[in-house]
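These protein sequences, in sequence, are chains A and B. Per this note's numbering, the first sequence starts with residue 1, numbered consecutively. Per this note's numbering, the second sequence starts with residue 1, numbered consecutively. Note that beta-carbon positions come from the ideal geometry of N, C-alpha and C, so glycine has one too.
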Amino acid sequence: MSSAEPLLRVDDLRVEFHTEDGVVHAVDGITYQVMPGKTLGIVGESGSGKTVASMTVLGLTRYQGAQVSGRILFEGRDLVTLDDEQLRRIRGNEIAMIFQDPLSSLHPLYKVGKQLTEAILTHRDVSKKAARGRAIELLGLVNIPDPANRFDQYPHEFSGGMRQRVMIAMALANEPKLLIADEPTTALDVTVQAQILALMERLQREMGMAIVIITHDLGVVAEMADDIAVMYAGRIVETAPASEVFDSPEHPYTWGLLRSIPRLERDREEALVPIPGTPPSLLRPPSGCRFHPRCVYAQPSHSRIDPALEPLPGAPDHYAACLLEPQLRRGLWSALSAGATPDEAKQSAGYVEESPEGSPVA
Amino acid sequence: MTRYVIRRLLWGALMLLVVCLVTFIIFRVLPPGNPALMRAGRNPTPNSIKSIEHVLGLDKSLPTQFWDYLKNILLHFNFGYSYGSQESVLQLIKERLPATISLTVGAAVLWIVFGVGIGILSALRRHSVTDRTSMGGALLLVSAPEFWLGLVLLYLFSSDIGKIKILPGAGSYTALTSDPWKWFTSLLMPWFVLAAGSAAVFARLIRGNLLEVMDEDYIRTARAKGLPEKRVVRQGVRASINPVVTLMGLEFGILLGGAVLVETVFNIPGVGRLAYQSIVNADFEVIEGTVLLASMFIIAANIAVDILYAYLDPRVRYA
């Protein structure tokens, strides 16, 4: 990464929820940074803590009684320690957020125009008339036809894709420096998805804002992200520039994500490989490497040792938290990316099963 | 919209006809007592009963009686005469309407203000002492019948039999036009008793709705925009009111039913008390008149609520 100051620096962020069943460690010590004007993609399955982590940046988890520790430095200010009022002035102004479900994210009883202008009037000291003009301009900016008439309509008169455009317009109303987009296209038709992503990219270029895009779909970040962080069970397990994540992924979980994407150039006979099992409970996460119960390459010792997120030798921007030897990982991925099954890959990479005591079987 | 209102009004008229028929069947076909017998003195002869029945028109066939009754209402706006006093039912009701309107309108104001207010407060301070106290109180008030609550209050606070003599007791109703202050103080307890149940139901409903709404995605959006929390709550309240409005029409009917009990307990000369007395005296035409009046108000209230709903929720369109 460049030597410039990051816009957002999240440092060992932890978010806990105290429930009747115990403490849920939704986010368990994650660290990442976003440079001005760049895009970070946070990828993971549902329940990996990616949404909670991002909502915490805006302080939105405070309303759900979350316990937050660590630091969230935004232009040098630590958002974790700001009081509600200071944080409110940043929300929707310097940092904006759009959400997964555009159908339920707009208030059903207020006109779209009112919902847009209130975003402007909250942070800007302008007349109502000026705010109206700006709102109509924003609707045009996100390609909503006939914005002046649309201004006076209610959300139910808009399609899903149009409502997400309205959400984007609302988020951009005050020209934020950072836009957090939580699964912005998941609830939309595939054709509309591409339009929304293209729109976000165009607006990013025009306004020069940074974007954190949260998704379970590597295809979405492939197009947009400069960097990718892969989250699993409340932690980041791999982070690297986007091209490296796609070309030389290091973590078996990332392999699983990549191999479950359908690709046109692959042979039709070749089956998609799902990741076995389900994401773990964040109430009682697995011991050792959190991915070990679902990892085909896990050794018995991996249920005891908790891997740290460490830079790869020779690739200082690429971090992974995996207990397998780097050389073995490279061998496994090169076999897997050539279409081998996990067992074939193990064989060709010289994978040796440990004995339960922890020493390799002779 | 106009077409919708016209259709609803026509349905309302049909409904009133059905109400007439049902009341007629209940009180004349399955009578609680023979009004002629009750008026024939200590040792009635079959002849005297017959002649009284003839005077009251009860010797005609039931369909003829019903037909005459409807004809009088529709053609002459004549709701019949009391068997006891021979006064016109319309006149009897007119005389008693101000007291009943005073009672129900005042109670409705208390009901809405306290129901909505306490519900919002409880939801915003969930699990606080305020919340627990008001929800506990609400449960108590929902469960307490009006006649019981009324008697308890009279026993505690009325100036004649009360332990703490601070409010005028039963039978102290004064018309608004003759003494506004007396009118107000004499109605305080009745208002409270009549409003208590409905207010409690509303408080619990609003609390539940608001708690649900505050978890909605659009509330998260409002916060993400950086709206001050006060405005966020206002948007939540706005959304949580709607489902409750539908219930207002129904609850209004319950309120009118409660008015009969409250007027009886507090001895308020209103339509409810008139209804009660006429049931005791088997005064058929008065009963029918009061039931018809109550039905009219309930139907009108429900139409009003439905129209109001179209204004409150832009997604609702009537055709």
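Mind listing the chain B neighbours of residue 170/A? Cutoff is C-beta to C-beta under 8 Å, in chain order. 221, 225
Listing by chain order, which chain A residues have their CB less than 8 Å from the CB of residue 218/B? Contact note: residue 218/B reaches chain A through 104, 105, 106, 107, 108, using a C-beta cutoff of 8 Å and chain order.
Would you kindly work out how many angstroms separate the C-alpha atoms of residue 37/A and residue 84/A, rounded to a whole number? 27 Å
For residue 1/A, which three-state DSSP category applies? Residue confidence for residue 1/A is low, a pLDDT of 45 falling below 50, so the modelled location carries little weight; the figure read from the coordinates is stated next. Of the three classes helix, strand and coil, the one that applies to residue 1/A here is coil, per DSSP.
Quick one: give me the first and last residue of the beta strand (DSSP E) that residue 179/A is part of. That run of the beta strand (DSSP E) goes 178 to 182.
What are the partner residues of residue 27/A, as DSSP defines its beta bridges? 15/A
Name the residues in the region 298 to 315 of chain B whose C-beta lies less than 8 Å from a C-beta of chain A; which are they? 312, 313, 314, 315
Answer with buried or exposed for residue 43/B, where buried requires no fewer than 16 other C-beta atoms within 10 angstroms of its C-beta. exposed
In whole angstroms, what is the alpha-carbon distance linking residue 1/A and residue 41/A? Confidence is the limiting factor: at residue 1/A the pLDDT is only 45, short of 50, which leaves the residue's position unreliable, though a coordinate-based value still follows. Near 15 Å, if we compare the C-alpha coordinates of residue 41/A and residue 1/A.
On a CA-only basis, which of 94/A, 276/A, 300/A, 114/A is nearest residue 207/A? Give me that one, please. In terms of CA proximity to residue 207/A, 94/A leads the group 94/A, 276/A, 300/A, 114/A.
In chain order, what residues of the same chain have a beta carbon less than 7 Å from the beta carbon of residue 14/B, not counting five sequence neighbours either side? none
Test item: CB-CB of residue 83/B and residue 266/B under 8 Å: no
Which ranges would you report for the alpha helix (DSSP H) in the region 23 to 87 of chain A if only whole runs of at least 4 residues count? 50 to 57
Within the 8 Å Cβ cut-off, does residue 228/B reach chain A? yes
Within its chain, find whatever has a CB closer than 6 Å to the CB of residue 146/B; leave out the 5 residues flanking it on each side and keep chain order. 193, 258, 261, 262
Tell me residue 311/A's beta-bridge partners as DSSP assigns them. 319/A
Of all the CB atoms in chain A, is at least one closer than 8 Å to the CB of residue 125/B? no
Could you say which of 172/A, 289/A, 186/A lies nearest to residue 217/A if we only look at CA atoms? It is 186/A.
Residues bridged to residue 167/B [DSSP beta-bridge criterion]: 158/B
Could you check whether residue 212/A and residue 150/A sit closer than 8 Å to each other, using their CB atoms as the reference points? Taking 8 Å as the Cβ cut-off, residue 150/A and residue 212/A do not qualify as a contacting pair.
Could you please give me the residues that DSSP links to residue 212/A through a beta bridge? Bridge pairing for residue 212/A: 40/A, 180/A [DSSP].
Could you name the residues that DSSP lists as bridge partners for residue 227/A? 40/A, 241/A
Flag residue 99/A as yes if its beta-carbon sits less than 8 Å from any beta-carbon of chain B, otherwise no. yes
So that I know if they touch, is there some Cβ in chain B lying closer than 8 Å to that of residue 351/A? no
For residue 238/B and chain A, any beta-carbon pair shorter than 8 Å? yes
Which of the three DSSP states, helix, strand or coil, is assigned to residue 201/A? Helix.
Taking the alpha carbon of residue 9/A as the reference point, which residue from 71/A, 161/A, 21/A, 63/A has its own alpha carbon closest? 71/A
Alpha carbon of residue 107/A to alpha carbon of residue 221/B, nearest angstrom: 8 Å
With 8 Å set as the bound, which would you pick, yes or no: does the beta-carbon of residue 235/B sit closer than that to a beta-carbon of chain A? yes
List the endpoints of the continuous alpha helix (DSSP H) containing residue 303/B. The continuous alpha helix (DSSP H) containing residue 303/B extends over residues 284 to 312.
Exposure label - residue 268/B; buried when at least 16 CB within 10 Å: buried
Three Cβ pairs or more, each shorter than 8 Å: is that satisfied between the region 293 to 304 of chain A and the region 220 to 230 of chain A? no
Taking the C-alpha atoms as reference points, what is the distance between residue 297/B and residue 140/B? Near 28 Å, if we compare the C-alpha coordinates of residue 140/B and residue 297/B.
Under 9 Å, CB to CB, which of the residues in the region 116 to 150 of chain A have a partner in chain B? Residues passing the 9 Å Cβ filter: 118, 119, 122, 123.
By the DSSP assignment, the alpha helix (DSSP H) with residue 38/B in it spans what residues? 35 to 38
Could you name the residues of chain B that residue 58/A contacts, counting a contact when the two beta carbons are closer than 7 Å? 224
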